[in-house]
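Visitor: Each residue of the sequence shown is one higher than the one before, starting from -8 at the first, in the working numbering.
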Amino acid sequence: MPNMPIDPNGPPAHTAADATLHITTEDPLTRRALLAGAAVVGGWIAIPTLAAAQETPATSPASPTVTQAAPAAVVAVNAGAVSPDGMYALPPLPYDYADLEPYLDAQTVKLHHDVHHLGYVNGANAALAELARIREAGGDTIRQVRAATDALQFNLSGHLLHTMYWSNMRRNGGGPPDANTAIGRLVQRDFGSYEAFAGQFQAAAAQVQGSGWAILGYETVARRLVVLQVEKQQNSSVWVVPLLGCDVWEHAYYLKYQNRRSDYVRAFMNVVNWDDVDARLRAAEPQR
Ligand code: MN
């Protein structure tokens, strides 16, 4: 499996999703099945991913050169986020609690993963069950769909963004992405330089009002990278494939950094796992 994210501590626990990794991507039917699998795991990336996959590849020189389809990679980077029975699950951390020290402290990582992220997993499963109950009951019960939909959006966004956040980071990460990777080329093309990107990304994260995220995302219509602010976490832009997210909820940094969010965001840049970000980009832009 080329281009899998490199994890010095070994891959996270295998799930049913891993079974698809061994299927060749040459067969279009199989490839579609792989993409469908990736879409389920990737949540709101489903529609742009499938649309991009079914287009004829563009010949514009402005198009990013992405040499390898990587639907399997996005399954891998989200491994463990869905159980074999289709329920959402807490993916194991791909490193130890203390591995991101001194940038992220072990106590924060443990609480954030084991308590906060688990809460979103349980909330997403509960919301799906509630929506199933509402559909089955029908009648006047359907008026309850608003509250259950809100709960699903909040908790599922939380689950998928945190799944990305953990795999977005690694020990000895950070710095600019490799200039020979797809993400390295696009950061250069769309921001001018890594330094320009990092300045914008950190400012966006620092200036999120209240709780939320800074997101480096891939916009699949013009095919460019954009930096967004996602306030709370359910107010995501569905037209962007998220690639890199920095959680700026206070639970992500308050134990170590208190009110100094900018210091936390600067530290985050030292643990970015660009292999993971690149795998997500190649999954969003197959065979270009
Ligand atoms: Mn969080």
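Quick reminder that beta carbons are idealized off the backbone N, C-alpha and C, glycines included.
1) So V218 and S227 are in contact, right, with Cβ under 8 Å, and what is the actual spacing, rounded?
2) Mind checking whether the beta-carbon of H104 lies closer than 7 Å to any heavy atom of the ligand MN?
3) With DSSP run on the structure shown, which of helix, strand or coil describes L143?
4) Ignoring anything shorter than 4 residues, give me the alpha helix (DSSP H) runs that lie fully in the region 64 to 115, in order along the chain.
5) In whole angstroms, what separates the C-alpha of Y244 from that of E121?
6) DSSP beta-bridge partners for R176?
7) Could you check if H108 is buried or exposed, using at least 16 other CB atoms within 10 Å of its CB as the buried criterion?
8) Between the Cα of V212 and the Cα atoms of K223, H104, W230, which residue gives the shortest distance?
9) Quick one: what does DSSP say E121 is sitting in, helix, strand or coil?
10) Under the rule that 16 or more other beta-carbon atoms within 10 Å means buried, what is S148, buried or exposed?
11) Could you check if R180 is buried or exposed, using at least 16 other CB atoms within 10 Å of its CB as the buried criterion?
12) Under 8 Å between the Cβ atoms of V268 and I174?
13) Using a Cβ-Cβ cutoff of less than 6 Å, which residues in the same chain neighbour F145 once the five nearest sequence positions on both sides are dropped?
14) Return yes when the C-beta of W240 is under 7 Å from any heavy atom of the ligand MN, and no when it is not.
15) Determine the direct distance from the alpha carbon of A117 to that of E127, and round the result to whole angstroms.
16) For the ligand MN, I want to know if A115 counts as a neighbour, meaning its beta carbon is within less than 7 Å of at least one of the ligand's heavy atoms.
17) Residues bridged to A133 by DSSP?
18) Could you give the first and the last residue of the continuous beta strand (DSSP E) run that contains D254?
19) Comparing the CB of A243 with every heavy atom of the ligand MN, is any distance shorter than 7 Å?
20) For P233 versus M155, is the C-beta spacing smaller than 8 Å?
21) Can you determine whether any heavy atom of the ligand MN sits closer than 7 Å to the C-beta of H153, and answer yes or no?
22) Decide yes or no for the touch test of the region 159 to 176 against the region 260 to 275: beta carbon pairs closer than 8 Å, at least 3 of them.
23) If we cut at 8 Å on Cβ distances, does S227 have a partner in chain B?
24) Once DSSP output is grouped into helix, strand and coil, what is the label at E276?
25) Would you mind sorting A103 into buried or exposed? The rule is 16 or more other CB atoms within 10 Å of its CB.
Guide: Short version:
1) Counting from 1 along the sequence shown, the entry for residue 218 is found at position 227. Counting from 1 along the sequence shown, the entry for residue 227 is found at position 236. About 14 Å; that fails the 8 Å criterion.
2) Taking the sequence shown and counting its residues from 1, the one referred to as residue 104 is at position 113. At a cut-off of 7 Å, the beta-carbon of H104 does not count as near the ligand MN: no heavy atom of the ligand is closer than that.
3) On the sequence shown, residue 143 is found 152 positions in, with the first residue counted as 1. Looking at L143 - three-state DSSP - the assignment turns out to be helix.
4) Here the runs fully enclosed are 97 to 102.
5) Position 253 of the sequence shown, counted from the first residue, corresponds to residue 244. Position 130 of the sequence shown, counted from the first residue, corresponds to residue 121. Linking Y244 to E121 through their CA atoms gives a straight-line distance of about 33 Å.
6) Counting from 1 along the sequence shown, the entry for residue 176 is found at position 185. None, per the DSSP bridge assignment.
7) One-based indexing of the sequence shown puts residue 108 at position 117. Result: buried.
8) As a first step, residue 212 must be located in the sequence shown, where it is residue number 221. Selected option, being the one with the closest Cα: W230.
9) For the purposes of this step, residue 121 is taken as residue 130 along the sequence shown, with counting starting at 1. In this structure, E121 counts as helix in the three-state DSSP scheme.
10) Locating residue 148 in the sequence shown gives position 157, where the first residue counts as 1. So S148 ends up on the buried side.
11) Against the sequence shown, residue 180 aligns to sequence position 189. When all chains shown are included, R180 counts as exposed.
12) The count along the sequence shown starts at 1 and reaches residue 268 at position 277. The count along the sequence shown starts at 1 and reaches residue 174 at position 183. A contact, by the Cβ cut-off of 8 Å.
13) Stepping through the sequence shown from its first residue, residue 145 is reached at position 154. Same-chain partners within the cutoff: Q225.
14) Locating residue 240 in the sequence shown gives position 249, where the first residue counts as 1. Checking the Cβ of W240 against the ligand MN gives yes.
15) On the sequence shown, residue 127 is found 136 positions in, with the first residue counted as 1. On the sequence shown, residue 117 is found 126 positions in, with the first residue counted as 1. A straight line joining the alpha-carbon of E127 with that of A117 spans about 15 Å.
16) Position 124 of the sequence shown holds residue 115. It does not: the Cβ of A115 is nowhere closer than 7 Å to a heavy atom of the ligand MN.
17) Here residue 133 corresponds to residue number 142 of the sequence shown, with the count starting at 1. Residue identity check: residue 133 is Ile in the sequence provided, not Ala. DSSP lists no partner for I133.
18) As a working mapping, residue 254 is identified with position 263 in the sequence shown. D254 -> not in any beta strand (DSSP E); alpha helix (DSSP H) instead, spanning 252 to 259.
19) Translated into positions along the sequence shown, residue 243 becomes position 252. In this structure, A243 has its beta carbon less than 7 Å from a heavy atom of the ligand MN.
20) As a working note, residue 233 is residue 242 in the sequence shown. As a working note, residue 155 is residue 164 in the sequence shown. The answer is yes: Cβ separation under 8 Å.
21) Start at 1 with the first residue of the sequence shown, and residue 153 comes out as number 162. Under cutoff, so the answer is yes.
22) Cβ pair count under 8 Å is three or more, so yes.
23) Judged by its chain identifiers, the structure shown contains no chain B, having just a single protein chain.
24) Sequence index remark: in the sequence shown, residue 276 carries index 285 (1-based). E276: coil per DSSP, three-state reduction.
25) Along the sequence shown, one-based indexing puts residue 103 at 112. In the sequence as presented, Ala is not what sits at residue 103; that position holds His. Buried, by the Cβ-count rule.
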